[in-house]
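Peer 1: Mapping of the sequence shown onto numbering that gives the first Met the number 0: residues 0 to 254, in sequence order.
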Amino acid sequence: MRRISKIFGAILMLSIAFVFVEYFLKWLEVPNYLIPRPTEVFEVVKLKFNYLLENTFTTVVESILGFLLGNSIAFLLAVGFHLFPRIEKAGLSVSVMIKAIPIIALAPLFVIWFGNGMFGKVLMAALVCFFPMLINTISGIKDVDPNLIDYTRSLSLSNIQIIRFVRIPSSLPYVFAALKTSSTISVVGAIIAELTGSDAGIGHILQVSVYQLETDLMFAAILFITVFGLTFYYSIEFLERKILKKYSYVQYQNN
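(1) In chain order, which continuous runs of the alpha helix (DSSP H) of length 4 or greater are located wholly inside the region 15 to 103?
(2) Closer than 8 Å is the cut-off here; do at least three beta carbon pairs connect the region 179 to 192 with the region 121 to 129?
(3) Taking only the alpha-carbon atoms, compute the straight-line gap between glutamine 250 and leucine 243 and give it to the nearest angstrom.
(4) Taking the runs of the alpha helix (DSSP H) that are 4 residues or longer, which of them lie wholly in the region 147 to 200?
(5) Quick one: grab the DSSP three-state call for glycine 114.
(6) Should valine 165 and threonine 151 be called a contact, given that it needs their Cβ atoms to be closer than 8 Å?
(7) Of the choices Ala16, Ala177, Val207, whose alpha-carbon is the least far from that of phenylalanine 66?
(8) Helix, strand or coil: which one does DSSP assign to leucine 222?
(9) Helix, strand or coil for valine 258? Go by DSSP, reduced to three states.
(10) Short check: CB of phenylalanine 261 to CB of isoleucine 134, under 8 Å?
(11) Below 8 Å, can you find three or more Cβ-Cβ pairs linking the region 52 to 59 to the region 199 to 207?
(12) Taking C-alpha atoms, which residue in Ile224, Ile184, Thr183 lies nearest to histidine 203?
(13) I need the DSSP call for glutamate 213, collapsed to helix, strand or coil.
(14) Beta-carbon separation of phenylalanine 118 and lysine 98 under 8 Å?
(15) To which residues of the same chain is asparagine 115 closer than 7 Å at the C-beta, ignoring the five residues directly before and after it?
(16) According to DSSP, simplified to helix, strand and coil, what is asparagine 254?
(17) By Cβ distance, which residues of its chain are closer than 8 Å to leucine 13, with the 5 residues on each side in sequence left out?
(18) Grab me the residues of phenylalanine 17's own chain with a C-beta within less than 7 Å of its C-beta, minus the 5 sequence neighbours each way, in chain order.
(19) Distance, Cα to Cα, leucine 11 vs tryptophan 26?
(20) Let's test the definition: count the other Cβ atoms within 10 Å of the Cβ of leucine 33 and tell me whether it reaches 16, buried, or not, exposed.
(21) On a CA-only basis, which of Val60, Phe83, Val29 is nearest isoleucine 162? Give me that one, please.
(22) May I have the straight-line CA-CA distance separating serine 94 from glutamate 213, to the nearest angstrom?
(23) Tell whether a beta-carbon distance below 8 Å holds between valine 60 and alanine 219.
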């Protein structure tokens, strides 16, 4: 009931904001090519719904694939660094160097290397997701009660078993924090890649709209991808609540 009231409150606040912006822009007589009124944006959504949906789907696929690829590699590397601590410092140094490179500088290179297709966009989305997951997972794996580790070693558990049954479950809050961050920045990475060179996607719409001064179409595209970003984020949050609740219940039962 409380969640429904929160959703209703958010919808009410957005409705009030839209009405205010509509009449405020009308009162100031702001030109459409600078800031379109909400009603004009919704009219574009109505007229070009299929076009917007198709391009949003392209960006969504790129974002999700990049999200899965980047987070999976980062998670496995973090576990590998813990198993082989000698390579952790070198691996982290390389990761920081890659992170230090602005993604906007890499985007043109990705177009040269991989063309205007989806592959380069997926890699860009994966790249921006990689570092948060790597750092969070390393921190989560290390942040375990030493007494618990001593207890598991007294049971003659191997390092792999300790990681599987103790360190990885304990790192889940860190992992989900990285996943929630990645759910939004993966979209950003995909759109930046699309802005550099693409034949479809939200970035492509934004690029074309700039040259044609179709600001209302730009706002409509932003609206579509924002809805996806929110949905993606809250889906991860929902999954986090379910898994952590289940894990806490299992821990309680075992204790």
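Note that beta-carbon positions come from the ideal geometry of N, C-alpha and C, so glycine has one too. Since this is a predicted model, take the numbers as computed values, not measurements.
Peer 2: The structure says:
(1) 37 to 46, 48 to 82, 87 to 99
(2) yes
(3) Here the model assigns glutamine 250 a pLDDT of 47, short of 50, so the residue's position is not dependable and the matter cannot be decided.
(4) 158 to 161, 171 to 195
(5) Three-state result, glycine 114: coil.
(6) yes
(7) By alpha-carbon distance to phenylalanine 66, the top candidate from Ala16, Ala177, Val207 is Ala177.
(8) helix
(9) Residue 258 cannot be examined here, being either before or after the span of the chain that is shown, 0 to 254.
(10) The displayed coordinates of the chain run from 0 to 254. Any statement about residue 261 would go beyond what the structure contains.
(11) yes
(12) Comparing Cα-Cα distances from histidine 203 to each of Ile224, Ile184, Thr183, the minimum goes to Ile224.
(13) Shown here, glutamate 213 sits in coil according to DSSP, grouped into three states, outside any helix or strand.
(14) no
(15) Gly196, Ser197, Asp198
(16) In this predicted model, asparagine 254 has a pLDDT of only 42, less than 50, meaning its place in the structure is not dependable enough to derive any value.
(17) none
(18) Excluding positions up to five away in sequence, the list reads Pro37.
(19) The C-alpha of leucine 11 lies about 23 Å from the C-alpha of tryptophan 26.
(20) exposed
(21) Phe83
(22) 40 Å
(23) no
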